[in-house]
Structures are given as structure tokens and as C-alpha cells.
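Take a look at the structure below.
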Amino acid sequence: MRSAAVLLDRESPLPLYEQIKRRVLSMILSWQQEDGRFHTDQELSEQFGVSRMTVRQAVQELVDEGYLRRVRGSGTFVCAPKIDEQFSAAMDFIDQWATSGRPLKLQVLHCAVEPSAPSIAKQLNMVAGEPVWAIVRLRTVVHVPISIDYRYIPCRLVKTIEPRQVTSGSLLDLIARYVDLAYGELKVEAGSVQAEHADYLSLLPDDPILTRRLAYYDSNDSPVMVGISHYRADQVRYSIHVPLKNTRQGSDQVSDALEFRSPALKKKPSTKRR
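Per this note's numbering, residue -10 is the first one in the sequence shown, and the count goes up by one each step.
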């Protein structure tokens, strides 16, 4: 398809690779192929009538800017625009995706009553071995995996769970039928995908991910659900609205709530006496 080469102005001071980059970006923004597979460098080279080296320069900039991603041995793929999951009192992440025009599909990988592992029991203020609902769900958007979620709910709070309740909406809505939900605590950190999750998320081992740990509490400060989600870092980012009016008195509390995960960023203990 060399006819598209006429779209390039070879007399323009704008470099050919930059012209190609802009044309390719237009293709990306209107790309409809479900699996996201994009043209190869060779196809683009033939389409624009330029060398593969010129195409490669344009494509690499689009990869660096997050519009495309290369998968070794598979090809080049269009990256869907990242969704801002906004932390709010409603915690309506599913609704946020739907509003963006990219509704989530929930696939239940596991839902059963199990003895609580020591680490889960500790988070839920339970004795290890007490029964919990263990739920694992894969979130996808147009066949693209977004996250794999693990949730744990004490059976003493929720006696039964029907399949439709874990595929059609938020588990918080389910829990709210039984307890008076008061607040949640969430922690987000960057990391690398583990081998056990890589296949589910269509990632290569050690690809970047975002991990979100959560715990929800009732009005008695008792934990009612804990869990962890592993997100593809190329699909999601988090957005927080921080009101600044009349907050100076609480600024110390905000600072103390930050957790420094990188060794280079950890606060060093003060040597001064207080």
C-alpha cells in the first residue's frame, strides 16, 4: 500500500519520522482491532514508502509516550488510554470504568469458603483457620486484562454468596447489606509482576504493575474485607483530589500517612532528642 506515501511532504522542514509519527498516532486513536495488534514496522515502511529505520524511530517515540507497546516475539500493540481510578467515598471503580466508555467485565476464577491463612486472619482480626470467603476475580476490558483481584470476607458476616453477586458489581455493595461500612484504607505501590500472575495479565515476568492493598472497616473499627489487586501499569493510574482549604492544621497528619517503600526514600530516624 504505497499510495499513502503521498501523505508525506518531503519538502517540509518537519522530519519524515515526525510526519510518520503524527500519521501513526491518528491511526492509533481510531484503532478498532480487538486484540490491539498494530502494523509491523515492515508494513508501515511499505505504507509510507520510507526505510524501516525511519519508521522505527517514529514508532519508538510512540512506545516511549505510552501509545504503543512492543511484545517480544508477538509484535506491536496499541495501548488503550489509561483510566484514572479516583479514590472517593463511593469507591465506585466499576462505575468509573463504565463512565469512561470501557466497562469492566468480571471473570470469577475462584469463589469458595476456606480456612483463613495466618496472614489473612491477622488482617481480619480473626483466629487463623476461621472460615472466610476467598474470591479471585479477573477484570478485563474488551478482552484486555486489567487486574487480578483477591478478596477475603469473614463467613460470620456474610453467610452465603451467589455467583451473580461476584460477577455483577462491587463486593462492598454486598457487604453493606450486613454491616455498617465506615471507611477503607488503601495502599498503592509499584512493583513487578510475579510469574503466577503474568499469564492472567498477559504480561512478561518482571513487567511493571501497580499493586493495591485494601481493608474496609465497619463503624466499630472492625475489618470486614481485606484484599489485594495487581494492575497492569500500562492500563491504570490513580487520581486523588486533595482539598487545600483549611487543611494546614491537618498537614502533619497527611504527611505521616505517607509510606515510603523505596529504600532511598525512607525517612531516616532523627538523632535529636525531643
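Cβ coordinates follow ideal geometry from the N, Cα and C atoms, glycine included.
Source: prediction; values computed, not measured.
Output the boundary residues of the alpha helix (DSSP H) element that contains H186.
Sequence index remark: in the sequence shown, residue 186 carries index 197 (1-based). Taken as a continuous stretch (DSSP letters only), the alpha helix (DSSP H) holding H186 covers 184 to 187.
Between the segment 29 to 49 and the segment 6 to 17, do at least 3 Cβ pairs fall closer than 8 Å?
yes
Is it true that the segment 108 to 121 meets the segment 171 to 187, where meeting means three or more beta-carbon pairs spaced less than 8 Å apart?
no
Minimum C-alpha distance to Q21 - residue among C68, S34, Y227, G55
Locating residue 21 in the sequence shown gives position 32, counting from the first residue. Nearest option by C-alpha distance: C68.
Where does Q21 fall in DSSP's three states?
Mapped onto the sequence shown, residue 21 falls at position 32. Q21 falls in the coil class under three-state DSSP.
Cα-Cα, which of E151, K94, R201 is closest to E330?
Residue 330 lies beyond the range of the chain shown here (-10 to 263); nothing can be said about it.
Report yes if the CB atom of H219 is closer than 8 Å to the CB atom of I137, and no otherwise.
Within the sequence shown, residue 219 is the residue found at index 230, counting from 1. Within the sequence shown, residue 137 is the residue found at index 148, counting from 1. Their beta carbons are under 8 Å apart, which means H219 touches I137 by this criterion.
Taking just the CA atoms, how far does A222 sit from E50?
Residue mapping note: residue 50 aligns to position 61 of the sequence shown, counting from 1. Residue mapping note: residue 222 aligns to position 233 of the sequence shown, counting from 1. So the alpha carbons of these two residues sit roughly 19 Å apart.
For the beta strand (DSSP E) containing A204, name the first residue and the last one.
Taking the first residue of the sequence shown as 1, we reach residue 204 at position 215. Its beta strand (DSSP E) spans residues 197 to 207.
What's the call for M16, buried or exposed, on a 16-neighbour Cβ count within 10 Å?
Within the sequence shown, numbered from 1, the residue matching residue 16 stands at position 27. By the 10 Å Cβ count, M16 comes out exposed.
Are the segment 47 to 66 and the segment 21 to 31 in contact at 8 Å, needing three or more beta carbon pairs?
yes
Residues near L193 in its chain [Cβ-Cβ closer than 7 Å; skip 5 each side]:
Your numbering for residue 193 matches position 204 in the sequence shown. Cβ neighbours of L193 beyond the five flanking positions: A187.
Can you tell me whether V39 is buried or exposed, with buried defined as 16 or more other CB within 10 angstroms of its CB?
As a first step, residue 39 must be located in the sequence shown, where it is residue number 50. Burial call: buried.
Measuring straight from C-alpha to C-alpha, what distance separates M214 and S63?
Locating residue 214 in the sequence shown gives position 225, where the first residue counts as 1. Locating residue 63 in the sequence shown gives position 74, where the first residue counts as 1. The alpha-carbon atoms of M214 and S63 are separated by roughly 39 Å.
Which word fits L233, buried or exposed, when buried means at least 16 other C-beta atoms lie within 10 angstroms of its C-beta?
In the sequence shown, the residue the question calls residue 233 occupies position 244. It counts as exposed.
Do the CB positions of S208 and D169 come within less than 8 Å of each other?
As a working note, residue 208 is residue 219 in the sequence shown. As a working note, residue 169 is residue 180 in the sequence shown. The answer is yes: Cβ separation under 8 Å.
Identify the residues that DSSP records as bridge partners of C100: which are they?
On the sequence shown, position 111 is the one that residue 100 refers to. In the DSSP output, where bridge partners are listed per residue, C100 has I124.
Report yes if the CB atom of V120 is closer than 8 Å to the CB atom of V97, and no otherwise.
The residue you call residue 120 lines up with position 131 of the sequence shown. The residue you call residue 97 lines up with position 108 of the sequence shown. For the record, residue 120 in the displayed sequence is Pro; it is not Val. In this structure, V97 does not lie closer than 8 Å to P120 by Cβ.
Assuming contact is defined by CB atoms lying nearer than 8 Å, are L146 and Y167 in contact in what I supplied?
As a first step, residue 146 must be located in the sequence shown, where it is residue number 157. As a first step, residue 167 must be located in the sequence shown, where it is residue number 178. Yes, Cβ-Cβ distance for L146 and Y167 is below 8 Å.
What does the alpha-carbon distance come out to for the pair S157 and L93?
Walking along the sequence shown from the start, residue 157 turns up at place 168. Walking along the sequence shown from the start, residue 93 turns up at place 104. Approximately 10 Å between the Cα atoms of the pair.
Option nearest K111 by Cα separation, candidates E0, P143, H230:
Against the sequence shown, residue 111 aligns to sequence position 122. Residue P143 is the option with its Cα nearest to K111.
M115 - partner residues in DSSP beta bridges:
Along the sequence shown, read from residue 1 onward, the residue named residue 115 stands at position 126. Its beta-bridge partners do not exist; DSSP assigns none.
A47, enclosing alpha helix (DSSP H) - first and last residue:
Numbered from its first residue, the sequence shown carries residue 47 at position 58. Note, A47: alpha helix (DSSP H), 41 to 53.
Taking only the alpha-carbon atoms, compute the straight-line gap between T129 and P104 and give it to the nearest angstrom.
Locating residue 129 in the sequence shown gives position 140, counting from the first residue. Locating residue 104 in the sequence shown gives position 115, counting from the first residue. If you take the alpha carbons of T129 and P104, they lie about 29 Å apart.
Once the 5 residues before and after A123 are set aside, which same chain residues still bring their CB inside 7 Å of it?
Start at 1 with the first residue of the sequence shown, and residue 123 comes out as number 134. Correct list, in chain order: H99, A101, E103, Y141.
Excluding the 5 residues flanking P2 on each side, which residues of the same chain have their C-beta closer than 6 Å to its C-beta?
Sequence index remark: in the sequence shown, residue 2 carries index 13 (1-based). Once the five neighbours on either side are set aside, P2 has no close Cβ partner at all.
Identity of the residue in L95, E32, A165, A106 nearest T65 by Cα
For this step, residue 65 is matched to residue 76 along the sequence shown. Nearest of L95, E32, A165, A106 to T65, Cα basis: E32.
Return the CA-CA distance between S211 and E23, expressed in angstroms with no decimal places.
As a working note, residue 211 is residue 222 in the sequence shown. As a working note, residue 23 is residue 34 in the sequence shown. So the two alpha carbons sit approximately 44 Å from each other.
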